[in-house]
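The structure appears below as structure tokens.
Protein chains: 2
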Amino acid sequence: MTPARSRRPGAPTRTERGIPEATVARLPVYLRALTALSDSGIATASSEDLATAAGVNSAKLRKDLSYLGSYGTRGVGYDVEYLRYQIAREIGVTQDWAVVIVGIGNLGHALANYSGFGTRGFRIVALLDADPALIGEQIGDMVVRDFAELEEIVAADRVSIGVITTPAGPAQEVCDRLVAAGVTSILNFAPVVLSVPDGVDIRKVDLSIELQILAYHEQRKSGEAALPEVPELPAINGLPGLPSVGGGVGA
Amino acid sequence: MTPARSRRPGAPTRTERGIPEATVARLPVYLRALTALSDSGIATASSEDLATAAGVNSAKLRKDLSYLGSYGTRGVGYDVEYLRYQIAREIGVTQDWAVVIVGIGNLGHALANYSGFGTRGFRIVALLDADPALIGEQIGDMVVRDFAELEEIVAADRVSIGVITTPAGPAQEVCDRLVAAGVTSILNFAPVVLSVPDGVDIRKVDLSIELQILAYHEQRKSGEAALPEVPELPAINGLPGLPSVGGGVGA
DNA sequence: CCGATTTTGTTCTCACGTTCACAAGCTCCT
DNA sequence: AGGAGCTTGTGAACGTGAGAACAAAATCGG
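As you go down the protein sequences, you meet chains A and B in turn. Per this note's numbering, the very first residue in the first sequence carries number 1; after that it's consecutive. Per this note's numbering, the very first residue in the second sequence carries number 1; after that it's consecutive.
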């Protein structure tokens with residue numbers, strides 16, 4: 001351990017490798033950009049080049065990279081291969097993470113077939129479903145197994161990441177089982193808010209939310225005129241009997 | 001138009017219906033929570049109830065809702081149906097938005113079959129692909145059509161939202177065609193940074209980025225010991241010939 | 001009719017994230 | 001060897017978002 005390079009008294013006291021969440025979310029983008037540059041045979045790139053490839057501005061990119069350390073050479077730029085390795089190591093994709101996918105419907109199928117699984121760094125070790133009609137089905141070079149085998153598989157393959165592609169209904173129960181089995185990171189595609197204990201990370205991908213955000217902006221663009229005028233009282237047309245207002249539900 | 005209700009001189013001057021982006025991103029979550037409460041027969045809910053259902057804290061929820069107006073009754077709470085309608089209207093899902101999906105691979109198939117397409121508010125009007133082997137295939141109650149028909153379809157159905165589920169390669173070209181045809185909102189599943197002109201909104205969903213973010217936190221949890229020590233010089237082992245350092249790329 | 005109770009809407013403060021601007025440091029040319 | 005020219009890394013200003021706390025308004029009981 002180097003003795004904390006030039007820790008000034010007034011420095012932001014970024015606690016021992018604490019990288020801001022916003023930066024963490026961009027590192028994979030930089031990694032992909034670097035891989036693309038590398039594949040094009042580019043050996044060195046400036047922050048400006050990288051920023052363009054990643055779709056951000058160069059000041060932000062430099063600040064983000066500065067949290068990792070001082071890779072990069074002033075007056076020259078960044079060595080593409082070197083930086084790529086450093087970011088991959090920081091993210092943790094120099095090792096392989098074992099992943100299980102639970103819920104082999106349309107989306108589960110699609111993810112199971114997702115060749116390369118993005119960049120390397122992840123290995124699907126099991127496709128699970130509770131439906132007997134699906135168990136045994138061959139997908140790519142894998143076979144769908146019974147969700148009941150979850151605990152066994154997690155323990156055997158040291159699985160730390162679970163992907164939930166079930167419908168909304170069973171999602172929380174599946175989530176609880178994953179957590180109980182020892183999975184500590186979950187990627188949720190089901191349209192529900194899952195609750196997990198502290199220490200478990202959860203991320204959500206939700207198609208319909210993304211579309212609704214687009215719709216909001218789209219509505220703005222189509223001129224404010226398109227907005228139906230607000231009925232200020234709850235006299236809603238096609239809705240089943242509303243109590244005039246209030247009325248107090250037994251909470 | 002009401003003359004700007006009680007605009008104080010020192011007020012934040014939130015420009016005429018400018019809702020913060022962070023709030024916009026949460027409105028669909030509130031909408032879903034309200035729909036769930038409604039389906040359970042709950043007629044009135046407090047900010048605390050709603051916040052729990054949506055997975056946020058109640059102060060944030062109240063502040064978010066306050067940007068929409070003063071729906072809600074002090075001492076009582078919010079009328080579920082009324083608030084649900086107001087949010088739906090604000091987002092713009094009281095009308096139906098026409099959507100095309102381009103790229104009918106595994107993911108495209110999955111989205112095409114996504115029944116209900118989240119909540120209502122969206123209508124898939126075409127599934128497009130350039131591969132002759134796919135054109136004509138029946139998926140649900142739709143048929144895959146030739147990507148060449150894009151312009152015609154967009155014009156005929158007033159399509160404003162496009163979903164890109166092609167591989168990375170053709171994504172930018174597909175994007176350009178969509179924009180040229182008049183689409184002004186794009187949801188991109190391809191692992192590339194797309195560039196679009198001003199006035200076009202774009203959102204990205206990226207499985208491998210989400211997994212990498214999880215991996216980063218996972219690595220943190222597994223104890224810092226797991227971090228391989230940093231090679232401070234670019235002496236990278238299994239990589240093809242690196243110029244010692246620098247060497248200046250022609251940029 | 002009035003006070004107690006409940007819950008919203010809003011104000012204030014703090015933390016986080018973004019962008020600007022520039023000094024430090026490296027390379028290359030003369 | 002020394003200066004010119006780039007490009008990084010970072011300090012500082014600015015804007016946005018989150019959370020605590022409280023005043024305003026509505027209901028309910030006496």
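We treat Cβ as the ideally placed atom computed from N, Cα and C, and that holds for glycine.
Close beta carbons around S208 (chain A), own chain, < 8 Å, minus the five adjacent residues each side: Position 208 of the first sequence, counting from 1, holds the residue named residue 208 (chain A). The answer, listed in chain order, is P191.
Distance between G77 (chain A) and I161 (chain B) (C-alpha atoms, nearest Å): Sequence index remark: in the second sequence, residue 161 (chain B) carries index 161 (1-based). Sequence index remark: in the first sequence, residue 77 (chain A) carries index 77 (1-based). Using only the alpha carbons, I get a separation of about 39 Å.
Per-residue DSSP class, three states only, for T94 (chain A): Within the first sequence, numbered from 1, the residue matching residue 94 (chain A) stands at position 94. Three-state DSSP puts T94 (chain A) in coil, outside helix and strand.
Sequence-distant residues of its chain with Cβ nearer than 6 Å to E48 (chain B) (five each side left out): Counted from its first residue, the second sequence places residue 48 (chain B) at position 48. Around E48 (chain B): S58.
7 Å Cβ cutoff met for Y30 (chain B) and I87 (chain B): Here residue 30 (chain B) refers to the residue found at position 30 of the second sequence. Here residue 87 (chain B) refers to the residue found at position 87 of the second sequence. For Y30 (chain B) and I87 (chain B), yes; Cβs fall inside 7 Å.
Length of the line joining the Cα atoms of D96 (chain A) and A112 (chain B): Here the question's residue 96 (chain A) lines up with position 96 in the first sequence. Here the question's residue 112 (chain B) lines up with position 112 in the second sequence. When rounded, the distance between both Cα atoms is 32 Å.
Minimum length 3: unbroken beta strand (DSSP E) runs contained in the region 41-124 of chain B: The region 41-124 of chain B contains these whole beta strand (DSSP E) runs: 97-102.
Expected contact under 8 Å - CB spacing of V196 (chain B) and V174 (chain B) to nearest Å: Here residue 196 (chain B) corresponds to residue number 196 of the second sequence, with the count starting at 1. Here residue 174 (chain B) corresponds to residue number 174 of the second sequence, with the count starting at 1. Actually they are not in contact, since the Cβ atoms of V196 (chain B) and V174 (chain B) sit about 12 Å apart, beyond 8 Å.
A215 (chain A) (DSSP reduced to helix, strand or coil): As a first step, residue 215 (chain A) must be located in the first sequence, where it is residue number 215. Assignment of A215 (chain A) by DSSP, reduced to helix, strand and coil, places it in the helix class.
Beta-carbon proximity list for G140 (chain B), same chain, < 7 Å, skipping 5 on both sides: Here residue 140 (chain B) corresponds to residue number 140 of the second sequence, with the count starting at 1. Within the same chain, G140 (chain B) has close Cβ partners A112 and N113.
Straight-line gap, L37 (chain A) to V193 (chain B) (C-alpha atoms, nearest Å): Walking along the first sequence from the start, residue 37 (chain A) turns up at place 37. Walking along the second sequence from the start, residue 193 (chain B) turns up at place 193. Approximately 13 Å between the Cα atoms of the pair.
Residue interval of the alpha helix (DSSP H) (run including D39 (chain B)): Position 39 of the second sequence holds residue 39 (chain B). Segment E21 to D39, the alpha helix (DSSP H) holding D39 (chain B).
Pairwise C-alpha distance: D129 (chain A) and A155 (chain B): Locating residue 155 (chain B) in the second sequence gives position 155, where the first residue counts as 1. Locating residue 129 (chain A) in the first sequence gives position 129, where the first residue counts as 1. Approximately 42 Å, taken between the alpha carbons.
Neighbour list for T23 (chain A) in chain B, Cβ cutoff strictly below 8 Å: What you label residue 23 (chain A) is simply residue 23 of the first sequence in a count that begins at 1. Here the premise fails: no neighbours, minimum Cβ distance about 10 Å.
Among A:G136, A:R158 and A:I104, the one whose alpha carbon lies nearest that of V125 (chain A): Here the question's residue 125 (chain A) lines up with position 125 in the first sequence. Each of A:G136, A:R158 and A:I104 was checked against the Cα of V125 (chain A), and the nearest Cα belongs to A:R158.
Chain B contact residues for V29 (chain A), given Cβ-Cβ distances below 9 Å: The residue given as residue 29 (chain A) occupies position 29 in the first sequence. Neighbours of V29 (chain A) on chain B, chain order: V193, D206 and I209.
Local conformation of I161 (chain A) per DSSP, three classes: Taking the first sequence and counting its residues from 1, the one referred to as residue 161 (chain A) is at position 161. The answer is strand: DSSP assigns I161 (chain A) an E or B state.
Range covered by the alpha helix (DSSP H) that runs through D176 (chain A): Your numbering for residue 176 (chain A) matches position 176 in the first sequence. Start and end: A168 to A181.
Coil, strand or helix - S208 (chain A) by DSSP: Position 208 of the first sequence, counting from 1, holds the residue named residue 208 (chain A). Three-state DSSP puts S208 (chain A) in a helix.
I186 (chain A), enclosing beta strand (DSSP E) - first and last residue: Taking the first sequence and counting its residues from 1, the one referred to as residue 186 (chain A) is at position 186. Taken as a continuous stretch (DSSP letters only), the beta strand (DSSP E) holding I186 (chain A) covers S185 to N188.
Buried versus exposed call for Q138 (chain A) [16 or more other C-beta atoms within 10 Å across all chains shown]: Position 138 of the first sequence, counted from the first residue, corresponds to residue 138 (chain A). Under a 10 Å Cβ-count criterion, Q138 (chain A) is classified as exposed, with fewer than 16 other Cβ atoms of the shown protein chains found around its own Cβ.
Proximal residues to V144 (chain B) (C-beta, below 6 Å), its chain only, five neighbours per side dropped: Against the second sequence, residue 144 (chain B) aligns to sequence position 144. Cβ within range, chain order: I104, L127, D129, L134, I135 and E137.
Within 8 Å of chain B by C-beta, residues of the region 57-72 of chain A in sequence order: G69
Per DSSP, cross-strand counterpart(s) of D201 (chain A): Mapped onto the first sequence, residue 201 (chain A) falls at position 201. According to DSSP, D201 (chain A) bridges with A:S185.
Cβ-based burial, T73 (chain A) [other Cβ within 10 Å; buried from 16]: Walking along the first sequence from the start, residue 73 (chain A) turns up at place 73. Exposed.
Straight-line gap, D131 (chain B) to E151 (chain B) (C-alpha atoms, nearest Å): Counting from 1 along the second sequence, the entry for residue 131 (chain B) is found at position 131. Counting from 1 along the second sequence, the entry for residue 151 (chain B) is found at position 151. Their Cα atoms are separated by approximately 17 Å.
Neighbouring residues, chain A, relative to D201 (chain B) (Cβ below 9 Å): Locating residue 201 (chain B) in the second sequence gives position 201, where the first residue counts as 1. Residues of chain A passing the Cβ test: I213, L214, H217, E218 and K221.
Cβ-based contacts, 9 Å cut-off: residues of the region 89-103 of chain A near chain B: R89, E90, I91, G92, V93, T94, Q95, W97 and V99
Cut-off 8 Å between Cβ atoms - residues of its own chain near T44 (chain A), not counting five sequence neighbours on either side: In the first sequence, counting from the first residue as 1, residue 44 (chain A) sits at position 44. These residues qualify, in order along the chain: V76, G77, Y78, D79 and V80.
Chain-order list of residues whose beta-carbon lies under 6 Å from that of A25 (chain B) (same chain, five-residue window excluded): Indexing the second sequence from 1 puts residue 25 (chain B) at position 25. Excluding residues within five positions, none has a Cβ falling inside 6 Å.
Reduced DSSP secondary structure (H/G/I, E/B, other) of I153 (chain A): Taking the first sequence and counting its residues from 1, one reaches residue 153 (chain A) at position 153. If DSSP states are grouped into helix, strand and coil, I153 (chain A) belongs with the helices.
Chain-ordered neighbours of L40 (chain A) on chain B, where CB pairs are closer than 7 Å: Residue 40 (chain A) sits at position 40 when you count from the first residue of the first sequence. Residue identity check: residue 40 (chain A) is Ser in the sequence provided, not Leu. Around S40 (chain A), no beta-carbon contact reaches into chain B at under 7 Å, the shortest distance being about 10 Å.
Cβ shell of A181 (chain B) (< 6 Å), same chain only, five flanking positions each side left out: Looking up residue 181 (chain B) in the second sequence gives position 181. Closer than 6 Å at Cβ, skipping near neighbours: L150, E151 and V154.
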